[in-house]
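Numbered per the numbering used here, the sequence shown finishes at 1176, counting up by one with no gaps.
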Amino acid sequence: MEAKPETTPERAAFYDRMDGHNLTPLWEVLRGLITPEPTSDCETAVWHYDDIRPYIMESGGLITAKEAERRVLILENPGLRGQSKITTSLYAGLQLILPGEVAPAHRHTQSALRFVVEGEGAYTAVDGEKTIMREGDFVITPSWTWHDHGNESDKPMVWLDGLDIPIAQLLDVSFVEGYGADEQMLTRPVGDALARYGSGLLPDGYEASSPTSPVFNYPYSRTRDALETMRRTEEWDPCHGLKMRYVNPVTGDFAMPTIGTFMQLLPKGFEAAPYRSTDATVFSVVEGTGRTMVGDTTLAWGPRDTFVVPSWQSYRHETDGDAVLFSFSDRPVQVKLGLWREQRGNR
Ligand code: GTQ
830 MEAKPETTPE
840 RAAFYDRMDG
850 HNLTPLWEVL
860 RGLITPEPTS
870 DCETAVWHYD
880 DIRPYIMESG
890 GLITAKEAER
900 RVLILENPGL
910 RGQSKITTSL
920 YAGLQLILPG
930 EVAPAHRHTQ
940 SALRFVVEGE
950 GAYTAVDGEK
960 TIMREGDFVI
970 TPSWTWHDHG
980 NESDKPMVWL
990 DGLDIPIAQL
1000 LDVSFVEGYG
1010 ADEQMLTRPV
1020 GDALARYGSG
1030 LLPDGYEASS
1040 PTSPVFNYPY
1050 SRTRDALETM
1060 RRTEEWDPCH
1070 GLKMRYVNPV
1080 TGDFAMPTIG
1090 TFMQLLPKGF
1100 EAAPYRSTDA
1110 TVFSVVEGTG
1120 RTMVGDTTLA
1130 WGPRDTFVVP
1140 SWQSYRHETD
1150 GDAVLFSFSD
1160 RPVQVKLGLW
1170 REQRGNR
């Protein structure tokens, strides 16, 4: 593209006259609107769990889950402070539920994922069914479903929340309702959805009523077993090791319509080839230690750390021992709109 045209005094005076009519010339701003490559304010960043856990626990002494509605410390991207965003299109936070607490039932149009970081035995109830959560479990709260969280264990539980709040903002589609009681009525036993929809079977004649997976807890034990069994025969992908996508078993599509979720195994001493894609990605470390080089930045990570790679930034992972990474991004949205791009290896 040609350089921006000169702003002559005559032109500037013209812009001033039209300004009162809510008009402005495209040619003054075009090059900032339509860029050769993504230019995001989203920055590469890492939250080390050891550094932030004290703040999460301190919040537990200052406010209850009930008073807060949701007791969450938002992970704000350093390039997007004040916007409650971890990437341009996604929100993330760490939610704490202490023993005996309940985060009251509500529903909203925003979809949520929970990725369990610490603790065992707390629950989320979604549309009449409870699921007990363990570290590494990926749990979904679909759009407009009632959900409350509680902790009947004797230890705190912390999970990473990922929500499509900025997407709902962009589209102006935010609605929320309180249930009217702390806990919703339960209509199905624990484990019903996983048995019914997540066992390689579906009720005969079943038709999807929503774009979100009817399986709302993908237990880590199953995910980890799958990766461990596959490593015996599967070749390591040069960029991603062994990377699996969580799917809606009814459609084969992503488990959630707005957020893509993944789990990957990287072997000991892995040195990945560079990779970039247009979906800015949030990683949560489940097992192992390593580093991710993003441009000139090196992020060192270990279990329970969260890090983010912006859109179209080339990155490569390195591991010490075996490592397992959960990740999520807005990929389903980009793919459906025909906008997603990726590049493997060096440019
Ligand atoms: O658990 O419903 O991190 O409504 C932000 C908003 C969690 C939730 C968040 C929410 C929730």
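Using N, Cα and C, we set each Cβ at its ideal position, and we do this for glycine too.
Checklist entry - So, are the CB atoms of isoleucine 961 and alanine 1084 less than 8 angstroms apart? => result no
Checklist entry - Hey, out of Arg1145, Ile915, Val931, whose CA is closest to tyrosine 952's CA? => result Val931
Item to check | Which residues DSSP lists as bridging alanine 1101, in chain order | outcome: In the DSSP output, where bridge partners are listed per residue, alanine 1101 has none listed.
Checklist entry - Under a CB-based cut-off of 8 angstroms, is arginine 1133 close to chain C? => result Reference to chain C is not applicable here, since this structure consists of a single protein chain.
Checklist entry - Taking the DSSP output, what are the residues bridged to serine 1113? => result Thr1135, Phe1155
Next on the checklist: Suppose contacts are defined by Cβ-Cβ distances below 8 angstroms. Is histidine 824 in contact with valine 1019 by that definition?
Outcome noted: Absent from the structure is residue 824, since the part of the chain shown begins at 830 and ends at 1176.
Checklist entry - alpha helix (DSSP H) containing methionine 886: first to last residue? => result 878–891
Checklist entry - Exposed or buried, what is valine 1114 when buried is set at 16 or more other beta-carbons lying within 10 Å of its beta-carbon? => result buried
Item to check | Expected contact under 8 angstroms - CB spacing of proline 1125 and tyrosine 1047 to nearest Å | outcome: The residue you asked about is not proline; residue 1125 is aspartate in the sequence shown. Between tyrosine 1047 and aspartate 1125 the Cβ distance is about 35 angstroms, and since that is not below 8 angstroms, they are no contact.
Checklist entry - Does the ligand GTQ have even one heavy atom less than 7 angstroms from the beta-carbon of glycine 1098? => result no
Item to check | Neighbourhood of alanine 1101 by C-beta, 8 angstroms cutoff - its chain only, sequence neighbours within 5 removed | outcome: Pro1067, Cys1068, His1069, Gly1070, Leu1095, Arg1145, His1146, Glu1147
Checklist entry - With distances taken from CA atoms, which of Gln1142, Leu852, Lys1165 is nearest arginine 1173? => result Looking from the CA of arginine 1173, the closest CA among Gln1142, Leu852, Lys1165 belongs to Gln1142.
Checklist entry - If you compare alpha carbons, which of Gly849, Thr864, His850 is closest to alanine 832? => result Thr864
Item to check | Three-way DSSP call (helix, strand, coil) for tryptophan 1169 in this model | outcome: coil
Checklist entry - Pick from Gly1089, Val1079, Thr1080: whose alpha carbon is nearest that of aspartate 1072? => result Position check: residue 1072 holds lysine in this sequence, whereas aspartate was assumed. It is Gly1089 whose Cα lies nearest to the Cα of lysine 1072.
Item to check | Beta-carbon separation (whole angstroms), glycine 1131 vs threonine 1118, contact threshold 8 angstroms | outcome: 4 angstroms
Next on the checklist: Less than 7 angstroms separating the Cβ of aspartate 956 from some heavy atom of the ligand GTQ?
Outcome noted: no
Checklist entry - Whose C-alpha, out of Glu857, Glu1116, Ala921, is nearest the C-alpha of glutamine 939? => result Ala921
Item to check | Burial state of aspartate 1154 (16 or more Cβ within 10 Å) | outcome: With the sequence shown as reference, residue 1154 is identified as leucine, and aspartate is not the correct amino acid for it. Leucine 1154 is buried by the Cβ-count criterion.
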